[in-house]
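In the working numbering, the protein residues as written are 39 to 423. Here a beta-carbon is modelled for each residue, glycine too, at the ideal position from N, C-alpha and C. On a predicted model such as this, the values are computed, not experimentally measured, just so you know. For reference, the structure discussed in these notes is given below.
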């Protein structure tokens with residue numbers, strides 16, 4: 039990390055050295071340096087000025103976890119500005135693998151669609167903290183569907199501006215069983231909104247009604263398992279219990295901070311939305327133990343405060359980890375959350391439910407209706423409470 043010309047530590051990398059020196063266990067840093075040749079070689083090249091200390095350098099490298107770790111470490115320390123992995127990888131994928139395959143007459147259209155519609159959608163997800171791997175995959179599928187439609191038009195010598203509903207209908211009907219209408223709908227809506235082509239439309243699908251596929255008995259059986267089977271890892275138990283007892287979605291659970299937990303004497307309170315909820319017995323002890331034993335990634339100078347810290351510096355665990363681990367023990371988080379919402383909506387007035395769980399009033403009312411409970415009893419229940 040010393041510059042060859044001066045023999046001094048590179049000024050921009052000095053905060054990294056300070057972080058290592060001040061870490062609680064220097065042996066951890068030594069082991070990491072000894073077993074991370076990709077990262078240490080890249081650090082050497084940055085120190086010598088062979089490559090800039092910037093996100094551009096990482097974007098030019100092949101995907102690799104050691105590079106991601108070093109990049110996140112430099113961000114966590116403040117050497118690099120924050121980045122969003124899903125957006126960064128989408129941009130690189132689009133420019134390197136997609137644009138070169140698009141017919142020249144459609145490049146401008148596809149680039150506009152991806153940049154001003156798809157990418158903006160990913161950025162909105164990132165701001166809300168809901169940018170998951172599934173959302174990123176969906177973005178790529180929609181780009182491919184748009185290209186597929188443009189390729190069909192190119193074979194016919196037609197521009198997107200001149201495309202007809204017949205052209206679109208033929209694309210949708212090409213392969214039975216594949217829902218092209220759904221994947222291309224975003225592109226068609228964009229062409230109408232931007233007035234590239236106002237003649238196209240995709241068949242709308244009715245908004246699906248919420249369906250509960252897990253019985254109350256199964257729900258409480260799964261709750262009982264997670265409360266008492268202590269051989270499961272704490273993040274799995276807490277994620278499952280927060281889902282099944284408080285109807286919390288995984289994308290909200292992963293982004294929880296320790297400041298949302300308040301421990302007062304013998305009681306533990308967790309705030310999911312605006313109101314603190316007292317944790318029931320066993321779960322309160324589990325929350326305490328988890329906070330005391332959080333596995334904070336090494337090489338980070340400060341604790342970012344994630345309730346569920348991930349292996350990458352400065353980042354929390356991702357939804358895919360929770361979903362995978364819960365499914366591995368026979369719990370389906372999405373279906374379990376719907377069952378929990380159904381149960382809670384049948385016992386708590388919708389406006390109170392919205393404040394406790396962080397859902398919208400409309401969503402709470404929809405679940406209350408499904409649970410055969412209307413708003414009419416709210417004033418009475420509020421008065422009684």
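Checklist entry - Should residue 424 go down as buried or exposed, given a rule of 16 or more other Cβ atoms within 10 Å for buried? => result No answer is possible for residue 424: the residues shown for the chain start at 39 and end at 423.
Checklist entry - So residue 85 and residue 48 are in contact, right, with Cβ under 8 Å, and what is the actual spacing, rounded? => result Working through the chain shown from its first residue, we reach residue 85 at position 47. Working through the chain shown from its first residue, we reach residue 48 at position 10. In this structure residue 85 is in contact with residue 48, their Cβ atoms being roughly 5 Å apart against a cut-off of 8 Å.
Item to check | Nearest candidate by alpha-carbon position, reference residue 52, set 63, 255, 91 | outcome: In the chain shown, residue 52 corresponds to position 14, counting from 1. The residue among 63, 255, 91 with its C-alpha nearest the C-alpha of residue 52 is 91.
Checklist entry - Going along the chain, which residues of its own chain have a beta-carbon closer than 7 Å to the beta-carbon of residue 252, five neighbours each way excluded? => result Within the chain shown, residue 252 is the residue found at index 214, counting from 1. 373, 374, 377.
Next on the checklist: By the three-class DSSP mapping on this structure, what secondary structure does residue 135 have?
Outcome noted: Locating residue 135 in the chain shown gives position 97, where the first residue counts as 1. Three-state result, residue 135: helix.
Item to check | C-beta atoms of residue 15 and residue 163 nearer than 8 Å | outcome: What the structure shows of the chain is the stretch from 39 to 423, and residue 15 is not part of that stretch, so it cannot be assessed.
Checklist entry - How is the beta strand (DSSP E) around residue 305 delimited, first residue to last? => result Numbered from 1 along the chain shown, position 267 holds the residue referred to as residue 305. If you look at residue 305, you'll find it in the beta strand (DSSP E) that goes 305-309.
Item to check | 7 Å CB neighbourhood of residue 78 in its chain, flanking five on each side removed | outcome: Sequence index remark: in the chain shown, residue 78 carries index 40 (1-based). Around residue 78, the same chain offers 71 as residues with beta carbons nearer than 7 Å, after the five sequence neighbours per side are excluded.
Checklist entry - Hey, residue 147 and residue 193: beta-carbon distance below 8 Å or not? => result Translated into positions along the chain shown, residue 147 becomes position 109. Translated into positions along the chain shown, residue 193 becomes position 155. Contact: no.
Next on the checklist: Helix, strand or coil for residue 245? Go by DSSP, reduced to three states.
Outcome noted: Locating residue 245 in the chain shown gives position 207, where the first residue counts as 1. Summary for residue 245: the model assigns pLDDT 48, below 50, so the residue's position carries little reliability; its value from the coordinates is reported in the next sentence. In this structure, residue 245 counts as coil in the three-state DSSP scheme.
Item to check | Segment contact, 8 Å Cβ cut-off, at least three pairs: the segment 269-281 with the segment 351-363 | outcome: Yes: at least three Cβ pairs fall under 8 Å.
Checklist entry - Roughly how many angstroms lie between the CA atoms of residue 258 and residue 137, to the nearest whole one? => result Here residue 258 is taken as the residue at index 220 of the chain shown, counted from 1. Here residue 137 is taken as the residue at index 99 of the chain shown, counted from 1. About 51 Å.
Item to check | Within 8 Å, strictly: CB atoms of residue 177 and residue 191 | outcome: Mapped onto the chain shown, residue 177 falls at position 139. Mapped onto the chain shown, residue 191 falls at position 153. Their beta carbons are not under 8 Å apart, which means residue 177 does not touch residue 191 by this criterion.
Checklist entry - By Cβ distance below 6 Å, which residues in the same chain neighbour residue 314 in space, the five residues on each side in sequence not counted? => result Here the question's residue 314 lines up with position 276 in the chain shown. Once the five neighbours on either side are set aside, the close Cβ partners of residue 314 are 307.
Checklist entry - When DSSP builds the beta bridges, which residues end up paired with residue 344? => result The residue labelled residue 344 in the question sits at position 306 within the chain shown. Its beta-bridge partners are 295.
Item to check | Between the CA atoms of residue 393 and residue 309 - distance to the nearest angstrom | outcome: On the chain shown, residue 309 is found 271 positions in, with the first residue counted as 1. On the chain shown, residue 393 is found 355 positions in, with the first residue counted as 1. In a straight line, the C-alpha of residue 309 is about 10 Å away from that of residue 393.
Checklist entry - If we ignore side chains and look at the alpha-carbon of each, how far apart do residue 54 and residue 115 end up? => result By one-based count along the chain shown, residue 54 stands at place 16. By one-based count along the chain shown, residue 115 stands at place 77. In this structure, the CA atom of residue 54 is about 7 Å from the CA atom of residue 115.
Checklist entry - Where do the N-terminal and C-terminal ends of the beta strand (DSSP E) with residue 316 fall, by residue? => result On the chain shown, residue 316 is found 278 positions in, with the first residue counted as 1. Here the beta strand (DSSP E) through residue 316 covers 314-316.
Checklist entry - Cβ of residue 228 within 8 Å of Cβ of residue 155? => result Locating residue 228 in the chain shown gives position 190, counting from the first residue. Locating residue 155 in the chain shown gives position 117, counting from the first residue. Contact flag set, yes.
Checklist entry - What are the boundary residues of the alpha helix (DSSP H) that includes residue 61? => result Translated into the one-based positions of the chain shown, residue 61 becomes position 23. Residue 61 -> no alpha helix (DSSP H), and no H or E assigned at all.
Checklist entry - Of the residues 281, 268, 331, which one's Cα is nearest the Cα of residue 296? => result As a position in the chain shown, residue 296 is number 258, starting the count at 1. Closest by alpha carbon: 331.
Checklist entry - Would residue 236 pass as a contact of residue 230 if the rule is Cβ separation under 8 Å? => result The residue labelled residue 236 in the question sits at position 198 within the chain shown. The residue labelled residue 230 in the question sits at position 192 within the chain shown. Taking 8 Å as the cut-off, the Cβ atoms of residue 236 and residue 230 count as close.
Next on the checklist: Let me confirm a value: residue 46 is counted as buried when at least 16 other C-beta atoms fall within 10 Å, else exposed. Which label applies?
Outcome noted: Here residue 46 refers to the residue found at position 8 when the chain shown is read from its first residue. The residue in question, residue 46, is exposed, as its Cβ has fewer than 16 Cβ neighbours within 10 Å.
Checklist entry - Taking only runs of the alpha helix (DSSP H) that begin and end inside the segment 56-133, which ones reach a length of at least 4 residues, in chain order? => result The qualifying runs are 64-72, 75-85, 93-97, 103-115, 123-131.
Item to check | Exposed unless 16 or more other CB atoms sit within 10 angstroms - verdict on residue 269 | outcome: As a working mapping, residue 269 is identified with position 231 in the chain shown. With fewer than 16 other CB atoms across the displayed protein chains lying within 10 angstroms of its CB, residue 269 is exposed.
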